[in-house]
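Residue numbers (the working numbering): 6 to 468.
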């Protein structure tokens with residue numbers, strides 16, 4: 006049995022209560038991370054391959070154990086080449102440098118603006134070079150998200166770079182059936198909208214405001230951990246939490262109407278999107294989740310990480326900065342052409358499989374059951390529903406929140422009591438040690454006086 010270690014926030018089969026998922030941040034700040042890590046988990050699981058999630062934390066001291074227990078380390082990444090991720094990239098490089106097993110990168114991306122100007126990445130070039138060099142010593146090539154990242158790494162001197170997109174798009178293998186459910190959107194259409202905090206502040210909130218007035222069944226689907234905290238706990242204490250343009254903010258009308266969600270599990274996220282007619286917004290994986298559900302979607306590209314993926318997979322898109330604030334989702338829906346996306350999907354899938362083969366990674370579609378056992382196991386589990394706005398006041402709706410808080414208080418009390426006992430024991434031990442050490446100088450002085458007397462007597466007798 007081949008064992009693969011996969012970098013991911015949690016295993017697809019881990020059922021984590023909402024409160025615990027938010028507390029532990031199992032989505033690693035963005036639930037989109039779970040879309041591509043769950044897809045990678047499914048794709049790489051075969052009858053002869055076991056996939057183990059290691060979490061997102063990089064433990065350099067675990068290198069020895071990883072070398073002993075696993076046959077390869079697979080790292081799905083998103084926009085890892087960005088200044089804010091540089092410390093994490095350095096830690097990852099230190100870990101990789103200590104590994105003797107293959108290390109395979111699935112879909113890493115560089116983040117810049119929509120003009121593809123890499124100037125903001127200049128200062129971190131040594132870090133990127135060190136990372137890529139360490140990986141290529143342990144793999145045949147690096148899989149990148151799209152054209153911009155390929156150009157960026159080629160410009161740094163790396164040749165073994167392949168554009169493979171993102172594994173999330175291959176959750177269903179070579180199949181991606183997406184078609185419009187109606188000729189046009191109407192006031193009764195169910196529409197999902199998504200967007201980052203940055204995109205909202207850059208004008209997307211105006212489009213959302215107008216869509217909210219036109220479509221009663223518009224629902225905002227957030228992805229950020231702060232979005233989840235606001236919906237579940239009404240948390241507005243952080244800087245991000247004070248952005249009132251976000252539909253996850255308690256002061257926003259969509260919050261008050263219960264028209265916002267955050268999903269902590271891709272299974273429920275994708276399943277719920279099957280019931281929508283359309284999805285749009287700046288979040289790439291928010292719209293990929295819709296496409297995986299068979300629901301049409303349009304991406305309002307906000308930066309290179311979204312734009313290069315849209316171009317590679319031929320996902321309907323347009324630049325957010327070129328989208329007027331009075332844009333009606335019906336206009337985006339009408340223009341969207343899903344023919345290239347679905348028609349060329351098989352070719353892109355074959356390219357992805359060739360990359361896996363080159364790097365010695367079997368996949369479930371070529372070497373297994375096509376993911377049937379994986380999907381069956383997922384269906385047997387009961388995941389929490391999407392996080393909704395905390396507008397309820399009845400006792401039943403409060404019980405889980407207060408129950409979790411009481412459990413946390415009990416755990417903290419127990420932990421504090423244990424710390425106090427250990428501290429008291431340490432103090433007692435230190436006091437005993439001090440007391441034991443006190444007689445030593447007097448014993449030493451008495452011994453020295455005795456030895457001195459013997460010496461004087463001895464010298465006196467000699468004289």
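Where a beta carbon is used, it is the ideal one built from N, C-alpha and C, also for glycine.
Following the continuous alpha helix (DSSP H) through residue i, name the residue where it begins and the one where it ends.
i	result
residue 347	344-348
residue 311	309-318
residue 136	130-141
residue 101	91-102
residue 234	230-238
residue 275	271-278
residue 177	Where residue 177 is concerned, there is no enclosing alpha helix (DSSP H), given that its DSSP letter is neither H nor E.
residue 55	Unbroken run through residue 55 is the beta strand (DSSP E), 54-58; no alpha helix (DSSP H).
residue 213	210-219
residue 160	152-160
residue 261	258-261
DSSP three-state call for residue i: helix, strand or coil?
i	result
residue 285	strand
residue 379	helix
residue 525	Outside the modelled stretch of the chain, which goes from 6 to 468, sits residue 525, for which no answer is possible.
residue 253	coil
residue 243	coil
residue 336	helix
residue 368	coil
residue 10	strand
residue 440	helix
residue 66	helix
residue 293	helix
residue 166	strand
residue 327	helix
residue 495	Residue numbering for the chain in the displayed model covers 6 to 468; residue 495 lies beyond these limits and cannot be assessed.
residue 109	strand
residue 301	coil
residue 48	helix
residue 321	coil
residue 117	coil
residue 306	strand
residue 81	strand
residue 392	strand
residue 20	coil
residue 434	helix
residue 414	helix
residue 194	coil
residue 43	helix
Just reading off the beta strand (DSSP E) that residue i is part of, what are its end residues?
i	result
residue 225	223-227
residue 75	No beta strand (DSSP E) contains residue 75, which DSSP labels as neither H nor E.
residue 187	Counting along the chain, residue 187 falls outside any beta strand (DSSP E), and DSSP gives it neither H nor E.
residue 148	147-149
residue 85	No beta strand (DSSP E) holds residue 85; DSSP gives it neither H nor E.
residue 266	265-267
Would you grab the beta carbon distance between residue i and residue j for me? Rounded to a whole angstrom, and I think it's under 8 angstroms.
i	j	result
residue 274	residue 391	7 angstroms
residue 233	residue 269	7 angstroms
residue 266	residue 318	Residue 266 to residue 318, Cβ: 24 angstroms. No contact.
residue 145	residue 363	5 angstroms
residue 312	residue 119	5 angstroms
residue 126	residue 117	7 angstroms
residue 12	residue 84	With 8 angstroms as the limit, residue 12 and residue 84 do not qualify as a contact, their Cβ atoms being about 15 angstroms apart.
residue 132	residue 91	5 angstroms
residue 331	residue 215	6 angstroms
Tell me which same chain residues have a C-beta within less than 7 angstroms of the C-beta of residue i, skipping the five on either side of it?
i	result
residue 72	104, 105, 106
residue 435	none
residue 413	none
residue 43	17, 271
residue 5	Residue 5 lies beyond the residue range present for the chain, which begins at 6 and ends at 468; the question has no answer from this structure.
residue 165	141, 145, 146, 147
Tell me which residues share the same chain as residue i and place their Cβ nearer than 6 angstroms to its Cβ, disregarding the 5 neighbours each side in the sequence.
i	result
residue 298	275, 278, 279
residue 296	183, 302
residue 80	12, 110
residue 222	195
residue 87	116
residue 24	409
Take residue i and list the residues in its own chain whose beta-carbon comes closer than 8 angstroms to its own, dropping the five residues that flank it on each side.
i	result
residue 383	17, 18, 272
residue 130	161
residue 417	none
Of all the CB atoms in chain C, is at least one closer than 7 angstroms to the CB of residue i?
i	result
residue 309	In the displayed structure, chain C is absent; only one protein chain is listed.
- Task: Count the CB pairs spanning the region 156-172 and the region 345-364 that are closer than 8 angstroms, and state whether there are at least three.
- Result: yes
- Is there contact here, the region 282-294 with the region 193-204, by at least three beta-carbon pairs under 8 angstroms? yes
- With a cut-off of 8 angstroms, do at least 3 Cβ pairs link the region 295-304 to the region 67-81? no
- Task: Please determine if the region 363-379 and the region 51-67 are in contact, where contact requires at least 3 C-beta pairs separated by less than 8 angstroms.
- Result: yes
- Message: Does the structure place the region 14-24 close enough to the region 325-338 that three or more beta carbon pairs sit under 8 angstroms?
- Response: no
- Between the region 242-253 and the region 285-298, are three or more C-beta pairs nearer than 8 angstroms? no
- Task: Decide if the region 315-330 is in contact with the region 222-241; the criterion is three or more beta carbon pairs, one per stretch, under 8 angstroms apart.
- Result: no
- Could you tell me whether the region 174-188 touches the region 136-150, using the rule of 3 or more Cβ pairs below 8 angstroms? no
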